[in-house]
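Enquirer:
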Amino acid sequence: MSNFSPQLLRSQSGSPHHYRLGLRAFHTSVSVRFTSHIAPVLPHPLTHESTPTAFEYLDSLTPESIPHSTCVVEFSRSSGPGGQNVNKLNTKATLRMSLKPLPSWVPAWCVDGLRSSKEYAASSNSIVIQSSATRSQASNTDDCFRKLHALVNHHSRSVLVPIPDEEKKKRISDLERKEAARRRIMKERQKSKKAGRRGE
Numbered sequence: 001m002s003n004f005s006p007q008l009l010r011s012q013s014g015s016p017h018h019y020r021l022g023l024r025a026f027h028t029s030v031s032v033r034f035t036s037h038i039a040p041v042l043p044h045p046l047t048h049e050s051t052p053t054a055f056e057y058l059d060s061l062t063p064e065s066i067p068h069s070t071c072v073v074e075f076s077r078s079s080g081p082g083g084q085n086v087n088k089l090n091t092k093a094t095l096r097m098s099l100k101p102l103p104s105w106v107p108a109w110c111v112d113g114l115r116s117s118k119e120y121a122a123s124s125n126s127i128v129i130q131s132s133a134t135r136s137q138a139s140n141t142d143d144c145f146r147k148l149h150a151l152v153n154h155h156s157r158s159v160l161v162p163i164p165d166e167e168k169k170k171r172i173s174d175l176e177r178k179e180a181a182r183r184r185i186m187k188e189r190q191k192s193k194k195a196g197r198r199g200e
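Using the UniProt record's numbering, you'd call the opening residue of the sequence shown number 1 and step up by one each time.
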């Protein structure tokens with residue numbers, strides 16, 4: 001669970017039970033640390049040559065690396081049955097991320113997929129994700145970012161052109177050769193160390 005004290009701001013609507021999270025002051029260290037997460041620009045239409053670059057970027061992207069300054073999170077009361085205080089606290093998190101301008105960390109090639117998803121709100125051209133899984137604002141906020149990451153990751157990978165089998169085999173073969181060479185070097189170093197100890 002994240003260690004932070006989120007800055008809560010009263011929403012513009014003036015509702016006494018609706019709060020907005022000041023994300024520019026929230027998780028500052030995370031946002032600064034991952035400002036280098038900029039999605040690569042791939043050719044259109046996509047080709048299999050660009051797939052490894054896309055995979056490399058998507059593999060490096062995590063829910064924690066999403067710049068929180070690209071989203072707005074609001075809190076409101078949870079609805080439905082629950083235990084004591086479950087419907088009295090502003091713990092339900094609603095995350096909104098505008099697609100215009102497109103955040104730099106979101107791959108441009110997944111935008112069509114995002115707009116076809118149930119999380120897309122056409123009226124505001126944004127992605128809207130909610131979570132009321134726990135009674136904690138922090139946990140529900142983290143859950144929203146996990147859902148956002150999963151959504152972007154899914155639509156980014158689903159449109160990539162598969163790498164041909166022959167090229168896959170070549171890449172695997174190259175990796176195996178590099179690994180074999182690394183093992184030989186390590187073995188030679190160990191032999192040199194043993195020989196040096198015997199010579200002392």
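Here a beta-carbon is modelled for each residue, glycine too, at the ideal position from N, C-alpha and C. Remember, it's a predicted structure, so these values are computed and weren't measured experimentally.
Alpha carbons only, please: which of Thr141, Gln190, Glu179 is nearest the one belonging to threonine 91?
Expert: Here residue 91 corresponds to residue number 91 of the sequence shown, with the count starting at 1. Among Thr141, Gln190, Glu179, the Cα nearest to that of threonine 91 is on Thr141.
Enquirer: Report the rounded CA-to-CA distance for threonine 94 versus leucine 160, giving the unit in angstroms.
Expert: Numbered from 1 along the sequence shown, position 94 holds the residue referred to as residue 94. Numbered from 1 along the sequence shown, position 160 holds the residue referred to as residue 160. One C-alpha to the other measures close to 30 angstroms.
Enquirer: Pull up the CB-CB distance for threonine 134 and tryptophan 105, whole angstroms please, since I reckon it's below 8 angstroms.
Expert: Here residue 134 refers to the residue found at position 134 when the sequence shown is read from its first residue. Here residue 105 refers to the residue found at position 105 when the sequence shown is read from its first residue. The Cβ separation is near 26 angstroms, so there is no contact.
Enquirer: Could you tell me the boundaries of the alpha helix (DSSP H) in which arginine 115 lies?
Expert: Counted from its first residue, the sequence shown places residue 115 at position 115. 111 to 115 is the extent of the alpha helix (DSSP H) around arginine 115.
Enquirer: Which runs of the alpha helix (DSSP H) at least 4 residues long sit entirely within the segment 161 to 200? Give them in chain order.
Expert: Within the segment 161 to 200, the complete alpha helix (DSSP H) runs of at least 4 residues are 165 to 199.
Enquirer: Should the segment 111 to 125 be called in touch with the segment 59 to 79, which here means at least 3 C-beta pairs below 8 angstroms?
Expert: Result no; under three Cβ-Cβ pairs closer than 8 angstroms.
Enquirer: Give the DSSP-derived three-state secondary structure of lysine 88 in the structure shown.
Expert: For the purposes of this step, residue 88 is taken as residue 88 along the sequence shown, with counting starting at 1. Coil.
Enquirer: Please say whether asparagine 125 and lysine 147 have beta carbons closer to each other than 8 angstroms?
Expert: For this step, residue 147 is matched to residue 147 along the sequence shown. For this step, residue 125 is matched to residue 125 along the sequence shown. No, they are not a contact pair.
Enquirer: Just checking my contact of valine 128 with alanine 121 at CB under 8 angstroms: how many whole Å lie between their CB atoms?
Expert: Here residue 128 is taken as the residue at index 128 of the sequence shown, counted from 1. Here residue 121 is taken as the residue at index 121 of the sequence shown, counted from 1. Contact holds; Cβ gap of about 5 angstroms.
Enquirer: Please check the pair serine 156 and proline 107, which I expect to be a contact at CB under 8 angstroms, by giving their CB distance rounded to whole angstroms.
Expert: For the purposes of this step, residue 156 is identified with residue 156 of the sequence shown, where counting begins at 1. For the purposes of this step, residue 107 is identified with residue 107 of the sequence shown, where counting begins at 1. Confirmed, Cβ separation roughly 5 angstroms.
Enquirer: For leucine 61, which of Lys88, Ala150, Ser50, Val111 has the nearest alpha-carbon?
Expert: Translated into positions along the sequence shown, residue 61 becomes position 61. Nearest option by C-alpha distance: Ala150.
Enquirer: Since phenylalanine 145 contacts proline 63 with CB under 8 angstroms, what's their CB separation in whole angstroms?
Expert: Translated into positions along the sequence shown, residue 145 becomes position 145. Translated into positions along the sequence shown, residue 63 becomes position 63. About 5 angstroms separates the two Cβ atoms, so the contact holds.
Enquirer: When the Cα atoms are used, what is the spatial distance from lysine 187 to lysine 170?
Expert: Here residue 187 is taken as the residue at index 187 of the sequence shown, counted from 1. Here residue 170 is taken as the residue at index 170 of the sequence shown, counted from 1. Each residue's alpha carbon lies about 26 angstroms from the other.
Enquirer: Once you ignore the five residues that flank lysine 194 on each side, which residues in its own chain have a CB closer than 8 angstroms to its CB?
Expert: Position 194 of the sequence shown holds residue 194. Excluding sequence neighbours, lysine 194 sits near nothing in its chain.
Enquirer: Identify whether alanine 122 lies in helix, strand or coil by the three-state DSSP scheme.
Expert: Start at 1 with the first residue of the sequence shown, and residue 122 comes out as number 122. The answer is coil: DSSP assigns alanine 122 none of H, G, I, E or B.
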